[in-house]
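Residue numbers (UniProt numbering): 1 to 275.
Every residue gets a Cβ at the ideal spot worked out from N, C-alpha and C, and that includes glycine.
All figures in this text were calculated on a predicted structure; none of them were measured in a lab.
Some notes on the structure that comes next.
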């Protein structure tokens, strides 16, 4: 099964309307088209309670979870995923709030590295904080960076004047810009596993096209996927969508080699970031 075909199928399978008969028929038709004569029959049923435990990603060990959700990037840190020059740019992120320019709105200013899904990440964060946007201005990309000026209000229509709320919002936005996603390569028993974590909205929705971009990057590297798994994992303050891929060894990539692992992480991350 081609990687791109598998990605299209899985993206189709996780859409919201999969419980409808029409979407089930479309999914089965897509599967038949991909597998051809190898597919004898296809049936979709709602998962029972016996599968609920899989959503918790309970098999994610504390060591792997700590590495995957590591929140601070240090120049001197010895980490399994070496920071490329592109990743070092993410550290130069500024988020500021100004209440002096408008009598009715708070000005939120964000200066950060441009990446695919940047506006989505900002809007998702503001939505989680029940922040409304009255007016926004987005600069052209300059030297890989973008400036966002957003005039915002709280849900009650008032400015954000509480210093603690201002600080919490700025901190969360900066974290989102520094860590829009997490990518690591780790050992899973005798096998090598690629893990990608994307934040989930409070509404429960995850980012689009993540599965496709990951498999596209692995295909470009010539790396085959033995198995794939998607689940949810909750940390102390948020929920994540976790993509886990068991990778097959090949002649080009010795997956036990740290340089090869760093190349995989960098390629997958750059594809997801649109760099």
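Nearest candidate by alpha-carbon position, reference residue i, set the options
i           : options               : result
residue 183 : 269, 101 and 38       : 269
residue 247 : 215, 207, 147 and 168 : 215
residue 209 : 253, 193, 42 and 116  : 116
residue 243 : 193, 170 and 223      : 193
residue 95  : 162, 267, 148 and 227 : 148
residue 273 : 118, 21 and 128       : 118
residue 177 : 41, 40, 32 and 92     : 92
residue 67  : 138, 235 and 217      : 235
residue 124 : 172, 261, 259 and 107 : 172
residue 129 : 33, 252 and 203       : 203
residue 219 : 257, 267 and 254      : 267
Three-state secondary structure (DSSP) of residue i
i           : result
residue 57  : Per-residue confidence for residue 57 stands at a pLDDT of 48, beneath the threshold of 50, marking its modelled position as unreliable; no derived number is given.
residue 243 : strand
residue 293 : A query on residue 293 cannot be resolved here, the shown segment of the chain reaching from 1 to 275 and no further.
residue 83  : Confidence is the limiting factor: at residue 83 the pLDDT is only 45, short of 50, which leaves the residue's position unreliable, though a coordinate-based value still follows. Residue 83: coil per DSSP, three-state reduction.
residue 104 : coil
residue 140 : coil
residue 171 : helix
residue 129 : coil
residue 263 : helix
residue 44  : coil
residue 153 : strand
residue 270 : helix
Proximity of residue i and residue j at Cβ, strictly below 8 Å
i           : j           : result
residue 159 : residue 250 : no
residue 150 : residue 136 : yes
residue 196 : residue 181 : yes
residue 44  : residue 27  : yes
residue 241 : residue 189 : no
residue 245 : residue 228 : yes
residue 170 : residue 97  : yes
residue 145 : residue 113 : yes
residue 31  : residue 39  : yes
First and last residue of the uninterrupted alpha helix (DSSP H) at residue i
i           : result
residue 184 : Unbroken run through residue 184 is the beta strand (DSSP E), 182-188; no alpha helix (DSSP H).
residue 64  : 62-68
Residue i CB to nearest heavy atom of the ligand MG below 7 Å
i           : result
residue 180 : As presented, the structure is devoid of all ligands, the ligand MG included, so that no description of it is given.
Whole-number beta carbon distance between residue j and residue i, since they are thought to touch under 8 Å
i           : j           : result
residue 122 : residue 110 : 7 Å
residue 186 : residue 64  : 5 Å
residue 153 : residue 132 : 5 Å
Where the beta strand (DSSP E) containing residue i begins and where it ends
i           : result
residue 196 : 191-199
residue 97  : 94-98
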